[in-house]
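K.L.:
According to numbering that gives the first Met the number 0, the sequence shown is numbered sequentially starting from 0.
Here a beta-carbon is modelled for each residue, glycine too, at the ideal position from N, C-alpha and C.
All values derive from a computational prediction rather than experimental measurement.
One structure, pasted below without further comment.
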Amino acid sequence: MDFLQILDLPIEPGGLVEWTPVLDGRKGLRLDPRPTSFNHEQHLSDALAYQAQTGHTGGRESWLGLSIEFDEPLSIPAIRAALTAWIDRHEVLRTHVVEADDSDAGAAPEVGAQRFRRFSAEPGAVSVKMSRVGWYHDPTLLLDQIAGWFDRSTAPVRWPAYCFATVGREDSFTLLFAGDHSLLDGYSLIAAVPELRALYRQAVVAAGRPARGHAPPLLPAESIGSYVDFSAAERAAAEQSRATDPAVDTWAEFLADGMPRYPTVAGSAAASPTASAAAGHPTARENDRRAEQPRGFAVGGYAEGSEAAADATPQISYYALLADDDTANEFTAVCSGAGATLFAGVMASLAYAAHRRTGVRRFRAILPRHTRHEPRWLAAVGWFVTLSPFDLEVSGAESFTELAVRASAELRRGRAAATQPLLRVAQLLGTSGAPQFVVSFLDTRSAPGAPHDDSGGARVLRSHRYADDEVYLWINRTPSGLRLSARYPRRLDEDVHTYVADVTALIAQVAETSSWHARGLV
């Protein structure tokens, strides 16, 4: 499945309708004692800081979304019923967290480091309001309208922080969704595709209309857990941790060298804006500046603050096929033969390509890791993600398989550190700073309908990004192969293209030769 920045989405023109979740006044949001997750706390803190500095809500660059194609005419009653049912099935879409106000009357339990309060609504309390925008003949103008709608409607400081849109045509329609990152993650979106298809099909059949195509069976609603419950459990466990815990020790060792940066050649234009970034480490002055800035929003990555961010252009997006399905299978076989996973092989390839290009002997990055370790969380919408450190020593490895085995060991070490949310680690260690170089890996082949969606039936979407010092690489194993989606500052465009080409060639070489037969890496 493609992972695209919204303005890169291929879409057919049609009639645009915007759908806004609304609360029934009799069943509104009510105080809820369950605390927020550490991820949500950090995210909302950054949003509030950005709002205080700029007067803007900051929703424009922290959302994720979906585009799903339906090969049948749009039924307004059926899509309304499907969206409402989906909201009822996932409590995170019926809850909101706000900054606590000491002047509020009543008991109002304070949660989330005594700073935030949660409000939640019961199933059946939310419906969707339909707004017809008009017919678009130009897909560029259509995308501009949808992107603006999503940017304006997903700010985490208000409810709802999500919205929907449909683009209808005579014999087909596209369903689009966007939600603030505090509500969901990539796994949520992958699981949502077959679920929304099934809910729409169910609503069409219930209305007495013939349904087209096939949709997988729906999981019983009672089998799907609530991210709100997970958040409370995660916080309760994390607040018991101490600075001497092994996971915190691992993070302390990793952070002693600072947050990792995208590896560049020292002194090159790509290494700008600071020479220290070329070496992979921010200066103390940079760290102090970042500690004073809200993270994750437009102001966050700019030394000059909100005025510079307002004038900035979005980061560049780049997409590539690192390996087709056959090559990816051969590459996986090499990794498996060495006792390593595909994920480890991908990380080894990234590390060696960086070493060959820049001379770096340690490849450092931050890796998102899922926290869906119980069956009830598997299909739930929520931000079930923690972060782990990755620090791979490239020096001395004599073959690709040896490096892949090292990467496997480092992934295991990082997984142990990922048991603690990074914000909790920062609290215990007294550190600050946001991830600057992030590598994400997902395997989506087991998702229902994956081959159809991988060929354009559905796409995962993301918002713009305006930071000047972040590089994110998303690598997905799909039915068609290994796909890469990246975002990065404009100055890195040529460098990233070269790096990705090197990684692609390396994967092909490993797949063809099965090993490097003691070929030296240093």
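Is any non-hydrogen atom of the ligand NAP found closer than 7 Å to the C-beta of E60, if you look at the structure I gave you?
P.N.:
For the ligand NAP, the structure offers nothing, since it holds no ligand at all.
K.L.:
Pair every Cβ in the segment 346-361 with every Cβ in the segment 37-56, then say whether three or more of these pairs are closer than 8 Å.
P.N.:
no
K.L.:
Which of the three DSSP states is assigned to H136 in this structure?
P.N.:
By one-based count along the sequence shown, residue 136 stands at place 137. Correct three-state label for H136: coil.
K.L.:
Is Q144 helix, strand or coil when you go by DSSP?
P.N.:
Locating residue 144 in the sequence shown gives position 145, where the first residue counts as 1. Looking at Q144 - three-state DSSP - the assignment turns out to be helix.
K.L.:
So what does G4 bridge to, in DSSP terms?
P.N.:
To locate residue 4, count along the sequence shown from 1; it is residue 5. As written in the sequence, residue 4 is Gln, which differs from the Gly given in the question. Its beta-bridge partners are R461.
K.L.:
I'd like the ranges of any beta strand (DSSP E) spanning at least 3 consecutive residues and lying wholly in the segment 6-40.
P.N.:
If one requires a minimum length of 3 residues, the beta strand (DSSP E) runs lying completely within the segment 6-40 are 13-22 and 29-31, in chain order.
K.L.:
Suppose contacts are defined by Cβ-Cβ distances below 8 Å. Is S74 in contact with R168 by that definition?
P.N.:
Sequence index remark: in the sequence shown, residue 74 carries index 75 (1-based). Sequence index remark: in the sequence shown, residue 168 carries index 169 (1-based). Not a contact, by the Cβ cut-off of 8 Å.
K.L.:
Just how far apart, CA to CA, sit A220 and R375?
P.N.:
Position 221 of the sequence shown, counting from 1, holds the residue named residue 220. Position 376 of the sequence shown, counting from 1, holds the residue named residue 375. Near 10 Å, if we compare the C-alpha coordinates of R375 and A220.
K.L.:
How far does the alpha helix (DSSP H) with H354 in it reach, from first residue to last?
P.N.:
Here the question's residue 354 lines up with position 355 in the sequence shown. Here the alpha helix (DSSP H) through H354 covers L341 to T357.
K.L.:
Secondary structure at H95, three-state DSSP: helix, strand or coil?
P.N.:
As a working mapping, residue 95 is identified with position 96 in the sequence shown. Three-state result, H95: strand.
K.L.:
Excluding sequence positions up to five away, which residues of its chain have a Cβ less than 7 Å from the Cβ of L6?
P.N.:
Taking the sequence shown and counting its residues from 1, one reaches residue 6 at position 7. L142 and A146.
K.L.:
On a CA-only basis, which of D468, D228, V502 and R482 is nearest R490? Give me that one, please.
P.N.:
For this step, residue 490 is matched to residue 491 along the sequence shown. That would be D468, whose Cα lies nearest to the Cα of R490.
K.L.:
With distances taken Cα to Cα, identify the nearest neighbour of A214 among A206, R114 and Y199.
P.N.:
Here the question's residue 214 lines up with position 215 in the sequence shown. Nearest of A206, R114 and Y199 to A214, Cα basis: Y199.
K.L.:
From which residue to which residue does the beta strand (DSSP E) around F389 run?
P.N.:
Here residue 389 is taken as the residue at index 390 of the sequence shown, counted from 1. Where F389 is concerned, the enclosing beta strand (DSSP E) stretches over V384 to E392.
K.L.:
Going by DSSP in three states, S454 sits in which element: helix, strand or coil?
P.N.:
Taking the sequence shown and counting its residues from 1, the one referred to as residue 454 is at position 455. Note: S454 maps to helix in three-state DSSP.
K.L.:
Under DSSP, the alpha helix (DSSP H) around T477 begins and ends at which residues?
P.N.:
Position 478 of the sequence shown holds residue 477. Careful: T477 lies outside any alpha helix (DSSP H), inside the beta strand (DSSP E) at V470 to T477.
K.L.:
Ends of the beta strand (DSSP E) at G64?
P.N.:
Numbered from its first residue, the sequence shown carries residue 64 at position 65. Unbroken beta strand (DSSP E) run through G64: W62 to F69.
K.L.:
If you follow the alpha helix (DSSP H) that T497 is in, where does it begin and where does it stop?
P.N.:
Working through the sequence shown from its first residue, we reach residue 497 at position 498. Start and end: D492 to T512.
K.L.:
At the level of alpha carbons, what is the spacing between E493 and S267?
P.N.:
Stepping through the sequence shown from its first residue, residue 493 is reached at position 494. Stepping through the sequence shown from its first residue, residue 267 is reached at position 268. About 12 Å.
K.L.:
Does the beta-carbon distance from H550 to E17 come in below 8 Å?
P.N.:
Lying outside 0 to 521, the shown extent of the chain, residue 550 is not represented and no answer is given.
K.L.:
Roughly how many whole angstroms lie between the Cα atoms of A433 and P76?
P.N.:
Here residue 433 corresponds to residue number 434 of the sequence shown, with the count starting at 1. Here residue 76 corresponds to residue number 77 of the sequence shown, with the count starting at 1. Taking the straight line joining both Cα atoms gives about 44 Å.
K.L.:
Can you tell me where the alpha helix (DSSP H) with R414 in it begins and where it stops?
P.N.:
As a working mapping, residue 414 is identified with position 415 in the sequence shown. F399 to A416 is the extent of the alpha helix (DSSP H) around R414.
K.L.:
Counting pairs of beta carbons, one from the segment 182-191 and one from the segment 366-382, are three or more of them closer than 8 Å?
P.N.:
yes
K.L.:
Out of W148, L65, F436 and R405, state which residue places its alpha-carbon closest to the alpha-carbon of A364.
P.N.:
Walking along the sequence shown from the start, residue 364 turns up at place 365. Per the Cα distances, F436.
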